[in-house]
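The structure under discussion appears below in the form of structure tokens.
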Amino acid sequence: YDTTLEQPELFDFDHVYPESSVGSRIVILYGALGTQCFKEFHVALVEAAKK
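When the letters of the sequence shown are read in order and numbered with the UniProt record's numbering, they come out as residues 1 to 51.
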């Protein structure tokens with residue numbers, strides 16, 4: 001992928017999965033905690049971070 005893309009600003013409250021590497025793409029998930037939709041996206045992102 002294109003590593004020249006500008007990286008988003010990360011904040012202290014952002015969670016970075018330990019399985020992801022330094023050069024990994026950054027994905028930010030915004031949503032309503034506790035909803036089924038949020039859960040499904042969160043699970044998908046956790047699995048992607050493990051790859």
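All residues carry an ideal CB built from backbone N, CA and C; glycine is no exception.
Inter-residue CB distance, Leu29 and Leu45 (contact presumed, cutoff 8 Å):
6 Å
If I measure Cβ to Cβ from Cys37 and keep anything under 7 Å in the same chain, skipping five residues before and after, which residues do I get?
Gly31
Leaving out the 5 sequence neighbours to the left and right, which residues in its chain are closer than 7 Å to Ile26 when beta-carbon positions are compared?
Gln7, Pro8
Can you give, in chain order, each stretch of the alpha helix (DSSP H) that sits fully within the UniProt domain "UGGT thioredoxin-like" (4-51) and has at least 4 residues?
36-49
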